[in-house]
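K.L.:
Residue 989 in the numbering used here is what sits at position 185 of the sequence shown, and the numbering runs on without skipping anything.
Glycine included, C-beta positions come from ideal geometry on N, C-alpha and C.
All values reported here derive from a predicted model rather than from experimental measurement.
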Amino acid sequence: MDALILALETSGDLGGAALLAKGSLLGEELVSGPRRHGAELMPCVDRLLAKQRVSREQLGVIAVNAGPGSYTGLRIGLTTAAALGYALNKPVVGVGAFDCMALQFVTDRAFDTRFRGELWPVLDARRDEVMTARFVFEKGDLKRVGADMLVPPAELSRQAAPGSLVFGSGVAPYENLLKPQPLKLGPSAFEIAPASVALQAWRELVNVADPAALERRAVLPRYFRQVLAMTTEERAARSGAGRAPD
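1. What's the gap between the Cα of Arg918 and the Cα of Val910?
2. Do you know how far the Cα of Gly881 is from the Cα of Pro872?
3. Using the rule of at least 16 other Cβ atoms within 10 Å of the residue's Cβ for burial, across every protein chain shown, is Ala1022 buried or exposed?
4. Do the CB positions of Val1001 and Val926 come within less than 8 Å of each other?
5. Can you give me the C-alpha to C-alpha distance between Met805 and Glu1008, rounded to a whole angstrom?
6. Helix, strand or coil for Ala965 per DSSP?
7. Relative to the C-alpha of Ala993, which candidate in Ala1013, Pro977, Gly972 has its C-alpha closest?
8. Which one of Thr883, Gly898, Ala854 has the shortest CA to CA distance from Val868?
9. Measure the CB-CB distance between Gly877 and Gly837 and report whether it falls below 8 Å.
10. Enumerate in chain order the residues of its own chain whose CB-to-CB distance from Asp928 is below 7 Å, with the five nearest sequence positions on each side excluded.
11. Can you tell me whether DSSP reads Lys855 as helix, strand or coil?
12. What are the residues that DSSP puts in a beta bridge with Arg948?
13. Out of Gly990, Asp952, Arg931, point me to the one whose CA is closest to Val970's CA.
14. Excluding the five sequence neighbours on either side, which residues of its own chain have a C-beta within less than 8 Å of the C-beta of Gln856, listed in chain order?
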């Protein structure tokens, strides 16, 4: 896909916007401090476009991190993306936080590309649980395996193959539970870069010839509690309980 992608990242403490074309990053602009998305996201977008001498009308797609992540942060990003899409008559696409995390991890210069195995980006969901998703990296190719999950750290350790890399904010609070397992623990301090949101969106849209043909639909946030509710209902259904507890 040749269209310009404007990507917004607001799921964590830091965030900003990135501009990408044909899989190459043109520029990235970050907000000035933690939790300043509401006040600074649109000025951040305007600075980015001005530096790249790109008008809003030249944009092809608006991409946004749809979560999971900060409730307030996700709402700001999704609302801004929806407003831009509506005003410019451009499609809005949401990408998953874990997809962005995994992609950012394997494209970092410090990553050993000789690694073969599973990657588990994890976010602390509190209540002694983490949100995560399984990815496999092999021969330079990153693939997702299955949907996002909300699980206790011990369940993650049970499902992860020996030697799996686990990283993200869910590592530090539960390090003692993860350490005894044959897992490799990566950094706990991990912020998704706007550039990673842009690159993930491009990966998902690379075969779309004309972004104008994309279906116009609302991008829904992926909140921790949504996944918690779904997981609880699924557990209840499997156990024959009939319905999730209140």
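P.N.:
A quick look at the data gives this:
1. 11 Å
2. 12 Å
3. exposed
4. no
5. 10 Å
6. coil
7. Gly972
8. Gly898
9. no
10. Val934, Ser973, Gly974, Pro977
11. helix
12. Phe939
13. Gly990
14. Leu823, Leu830, Gly831
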